[in-house]
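Position one of the sequence shown corresponds to residue 217 (this note's numbering), numbered consecutively onward. Where is the CB? At the ideal position from N, CA and C, for every residue including glycine.
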Amino acid sequence: MGASESTARSNATKEEEERESHPANSSSSDGTSIGAAAAIATAAAGAAVAAWGISKMLSNNPETQETQNSLVNPSHLIESIGSIVASGRSSWSPPPPGRFKLNTDGACRPKYVGNADVQRGPSGYGGILRDHRGKWVQGFIGFIGESDCLTSEFHGILKGLEVLDKLNLKMAILETDSQAAYEWVTRRGDGYGKSEIVRASWPMIMKCRQLADKNGIAINLVHGENANKCADKLANMGIARGEEYVEIKFLPDGLRFLVEKDAELCG
């Protein structure tokens, strides 16, 4: 999540504690060679990213919640993100030549942040599709009403897979920064444990698995504040717009800076 955004996540709920853990393998990308001075800065940034990743993994279980500052209009998406660390773990990385990558994210603004097992509020999702040069292909946003963060993550992943299917893009890569959503859509088996959220989302989860298998889509888990920043912004736009689904053909001005910075990494 962006440094200027206010993000609150709930502690593990009772249902989360009862749910059987399922280890997930996160994706990684090759690092780049940098000078000694840059290496020191990268190491410091890596420690921060690691701490962020651990926090994300611990809190992003089946009933995790996520709040974002209100976005009145897309112009609020423009923000300075400072320098982007060279390591692929802390910034968006392009797919292999000839392939496409779609990043998705979900967001929820709980009406009350406290000790409730499930915190609910206005929720939305978003996604961005790019080619191996980091160029914008298209995006989407959606609003699902009052819900929770994990449900919004499932909506984002499913819509992303549907977009890839509609465009007939085979062997593409889909990335999410939600540990729980990643585990549920990539694991095999029919058991959904004791989580009511997962139980209610089961048809979406099964559809995600079906579409991923059909088109050979690799679903990866990413860590790092910058790795999923564009999708995060779009998810918040989904809440702000309040429309069930909007397909975005042209790169919004509010995302241009971030997309162009990511594209610089493609060489």
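- Contained alpha helix (DSSP H) runs [length at least 4] in the stretch 429 to 459, N- to C-terminal order: 445 to 457
- Message: Pull the bridge partners of residue 342 from the DSSP assignment, please.
- Response: In the sequence shown, counting from the first residue as 1, residue 342 sits at position 126. Beta-bridge pairing links residue 342 to 321 and 357.
- Message: Buried or exposed, going by whether 16 or more other CB atoms sit within 10 Å of the CB of residue 328?
- Response: Position 112 of the sequence shown, counted from the first residue, corresponds to residue 328. So residue 328 counts as exposed.
- Using CA coordinates, which residue listed in 376, 378 and 452 is at the minimum distance from residue 365? Taking the first residue of the sequence shown as position 1, residue 365 is located at position 149. Among 376, 378 and 452, the Cα nearest to that of residue 365 is on 452.
- Task: Return the first residue and the last residue of the alpha helix (DSSP H) that residue 379 is part of.
- Result: As a working note, residue 379 is residue 163 in the sequence shown. 365 to 382 is the extent of the alpha helix (DSSP H) around residue 379.
- Flag residue 371 as yes when its Cβ comes closer than 8 Å to any non-hydrogen atom of the ligand GDP, and as no otherwise. For the ligand GDP, the structure offers nothing, since it holds no ligand at all.
- Can you tell me whether residue 384 is buried or exposed, with buried defined as 16 or more other CB within 10 angstroms of its CB? For the purposes of this step, residue 384 is taken as the residue at position 168 of the sequence shown. By the neighbour-count rule (16 or more Cβ atoms within 10 Å), residue 384 is not buried but exposed.
- Message: Please report the distance separating the alpha-carbon of residue 406 from that of residue 480.
- Response: If you number the sequence shown from 1, residue 406 lands on position 190. If you number the sequence shown from 1, residue 480 lands on position 264. Residue 406 and residue 480: Cα-Cα distance of roughly 42 Å.
- By DSSP, does residue 352 sit in helix, in strand, or in coil? Position 136 of the sequence shown, counted from the start, is the residue given in the question as residue 352. Looking at residue 352 - three-state DSSP - the assignment turns out to be strand.
- Do residue 427 and residue 345 have their CB atoms nearer than 9 Å? Start at 1 with the first residue of the sequence shown, and residue 427 comes out as number 211. Start at 1 with the first residue of the sequence shown, and residue 345 comes out as number 129. Contact flag unset, no.
- Query: Where residue 441 and residue 410 are concerned, what is the direct C-alpha to C-alpha distance, given to the nearest angstrom?
  - Reply: For this step, residue 441 is matched to residue 225 along the sequence shown. For this step, residue 410 is matched to residue 194 along the sequence shown. Rounded to whole angstroms, residue 441 to residue 410 spans 30 Å at the Cα level.
- Query: Who pairs with residue 391 in a beta bridge, going by DSSP?
  - Reply: For the purposes of this step, residue 391 is taken as the residue at position 175 of the sequence shown. Partner(s): 319 and 436.
- Message: Quick check on DSSP: helix, strand or coil for residue 405?
- Response: Residue mapping note: residue 405 aligns to position 189 of the sequence shown, counting from 1. Coil at residue 405, not helix or strand.
- Per-residue DSSP class, three states only, for residue 464: As a first step, residue 464 must be located in the sequence shown, where it is residue number 248. Three-state DSSP puts residue 464 in a strand.
- Task: Specify the secondary structure class of residue 470 as computed by DSSP and reduced to three states.
- Result: The residue labelled residue 470 in the question sits at position 254 within the sequence shown. Looking at residue 470 - three-state DSSP - the assignment turns out to be helix.
- Query: Can you list, in chain order, the residues of its chain whose CB lies under 7 Å from that of residue 458, leaving out five sequence neighbours each side?
  - Reply: Mapped onto the sequence shown, residue 458 falls at position 242. Contacts found: 359.
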